[in-house]
Amino acid sequence: MGGQRGRGAVALAAAVILAGTPVCSVTAFGEPEAGEVTRVWNFEDGDQGWVYDDSWSGDSFQGGGGCEYDREKGMLRLNLDYSLNTDNSYSQTGVCLAEEEGIDFSPYKVLNFDVYYEPEAFTTGQLVVKAFSDNIFGDQSCRVMETPAEDVDGLKLVNVSLSCDEKYAQRERPGKLMLLIIGEYTDYHGYVWLDNITLSNVKKEKFLKETTVPVKTKTVISGSEGALNVNGTSFAYAKEVKLADPNADAQTVALYQYLKAVGESDATLYGHMEDTVLKAGAAELSDSDTEDVTGSLAAIVGMDCGGLFGGFAGKYNERHPGAEIPDTNEGNIRAAALFSNEAIERGAIVTLSSHMPNFSGTCPYSIRRTLSFTTTVPETSLISAGTLPCSASETTILIAHRTISLISTS
Ligand SMILES: [Ca+2]
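First residue of the sequence shown? That's 22 in this note's numbering, and the numbers climb one at a time after it.
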């Protein structure tokens, strides 16, 4: 169904093709920056007080281990065997530095260190590293084999970065700093090297690269009443599109006409979850990593209402100083709707996903109704999740419905 309708008001989504290979200058990691205060253990002349410490191993780590100074590499070398604990999710040993007067973390914000591992030393599982020093590092961890690594002389190099809790760093003087090397269902049997254990007041990004090539969208796209034009070639909109919803409105039909036309072209629509919500690159460039490297927003922007858009209000407030949307369910949902509207205004197609509950539940609210996605609800009628007559997970669907409705009224 759906039938022959006009293109409606659907915005053309930018078809994004990554613009060339940027020439990058790599920011050297570990170089001190202006104003940086550090304490460094680089093992250029001995173990600097670091020793093997299996005091927390218990029965979890039965393979035995050791640690010695590797003079040739200028690193600390651990000899580890997790092969007797392959079934264990948490097989733990490590190294430590102990200082009688206590370790002063107060000037520092971050602990960095390099971990080198042998890619041939295991067939399954992985290593996880943590730091323990009273409450300074909380429960942070780094899953070593899942972290981007550099290849160095046949070894894999991973830089671990753990934040110091500034509150505890002011208050505590732990006598010991432990670096725990935890085997997770692994048969790792070999060496692990540690180097450049560094406390610093400056947080750095190991893989930060600065592009020197101006961003440019290489796909030229335009639309007319009857056709989509991609890089000079026209693709006529289908006169009819068959949709599951017989009541699909003109905008929906136009969207599918557009998608069908794109599908017939050589262009590809690039999609990115929460393209303007979550950012890995520098905040001062734009609100979208995609835009930073291509010049336009992702063509398809996904929004996931897992956790009732938890954290969206905070992200929105970061991007819009003064917005002051409260960190409540209602605030987060409102922020998600506002993020969505902004993306739509910039040409994106917005998708909304939710983690569905088991529909066999006893919620009195009609699932059929919540999934219809056709009612428009003005923003002023947004209701808080707490007032809904359904379970939390079913509420999530309702929230999705409400958010879709907010988007559709933009
Ligand atoms: Ca070294």
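Beta carbons: idealized from backbone N, C-alpha and C, even for Gly.
Because the structure is a prediction, the values reported are computed rather than measured.
*Run through DSSP, which three-state label would leucine 249 get?*
If DSSP states are grouped into helix, strand and coil, leucine 249 belongs with the strands.
*Which partner residues does tryptophan 77 have in the DSSP bridge list?*
Answer is none; tryptophan 77 lacks a bridge partner.
*From what residue to what residue does the alpha helix (DSSP H) around tyrosine 279 run?*
271-285
_Looking at ligand 1, does it come within less than 7 Å of glutamate 285, judged from the CB to the closest heavy atom?_
no
*asked:* Suppose only complete runs of 4+ residues qualify. What are the alpha helix (DSSP H) ranges in the stretch 277-334, listed by chain order?
replied: 310-315
*Return the CA-CA distance between phenylalanine 330 and aspartate 174, expressed in angstroms with no decimal places.*
44 Å
*Among Lys281, Thr238, Asp80 and Tyr137, which one has its Cα closest to the Cα of alanine 257?*
Lys281
*Nearest-angstrom Cα distance between alanine 142 and leucine 148?*
11 Å
_Taking only three categories from DSSP, how would you classify asparagine 133?_
DSSP places asparagine 133 in strand when its eight states are reduced to three.
*Rounded separation between asparagine 338 and cysteine 185 - CA only*: 25 Å
*Please name the residue or residues paired with methionine 166 in a DSSP beta bridge.*
In DSSP, methionine 166 forms no bridge with anything.
*Measuring from the CB of glycine 343, is there a heavy atom of ligand 1 at a distance below 7 Å?*
no
*In angstroms with no decimal places, state the Cα-to-Cα distance between glutamate 400 and arginine 355.*
Legend: pLDDT at glutamate 400 = 34, less than 50; position of this residue unreliable, value from coordinates given subsequently. Glutamate 400 and arginine 355: Cα-Cα distance of roughly 8 Å.
*asked:* Measuring only the C-alpha atoms, how far is glutamate 312 from alanine 275?
replied: 25 Å
*Consult DSSP for glycine 196 and reduce its assignment to one of helix, strand or coil.*
coil
*Express the C-alpha separation of valine 322 and glycine 247 in angstroms, rounding to a whole number.*
Whole-angstrom Cα-Cα distance: 25 Å.
*Assuming alanine 320 and leucine 290 form a contact by the criterion Cβ under 8 Å, report the distance between their Cβ atoms to the nearest whole angstrom.*
Indeed they touch by this definition, with Cβ atoms about 4 Å apart.
*Beta-ladder partner(s) of cysteine 117, from DSSP*: Val72 and Met199
*Best match in Gln278, Gln272, Arg340 and Ser154 for proximity to alanine 303 [C-alpha to C-alpha]*: Arg340
_Residue range of the beta strand (DSSP E) that includes arginine 60_ = 59-62
*asked:* Can you give me the C-alpha to C-alpha distance between valine 343 and alanine 334, rounded to a whole angstrom?
replied: The sequence given here has glycine at residue 343, not valine. Note on geometry: alpha-carbon atoms of glycine 343 and alanine 334 lie some 12 Å from one another.
_I'd like to know whether the C-beta atoms of aspartate 135 and aspartate 66 end up nearer to each other than 8 Å._
no
*asked:* So, with DSSP's three-state summary, where would you put glycine 87?
replied: strand
*Taking the DSSP output, what are the residues bridged to serine 243?*
Asn250
*Is there contact between the stretch 185-195 and the stretch 76-95, where contact requires at least three CB pairs shorter than 8 Å?*
No, the stretch 185-195 does not touch the stretch 76-95.
_Counterpart residues of histidine 210 in DSSP-defined beta bridges_ = Asp102
*Answer yes or no: do asparagine 100 and serine 81 have a C-beta to C-beta separation smaller than 8 Å?*
no
*Put lysine 237 into one of helix, strand or coil per three-state DSSP.*
coil
*Which residues mark the beginning and the end of the alpha helix (DSSP H) in which alanine 259 is found?*
Note, alanine 259: premise wrong, no alpha helix (DSSP H); not H, not E.
*asked:* Taking the straight line between their C-alpha atoms, what separation do you get for glutamine 83 and aspartate 208?
replied: 12 Å
*If I'm right that asparagine 252 touches threonine 240 with Cβ under 8 Å, what's the distance once you round it to whole angstroms?*
That belief holds up - the Cβ atoms of asparagine 252 and threonine 240 are roughly 6 Å apart, short of 8 Å.
_For glutamate 205, the nearest candidate out of Leu220, Gly146 and Trp214 (CA to CA)_ = Gly146
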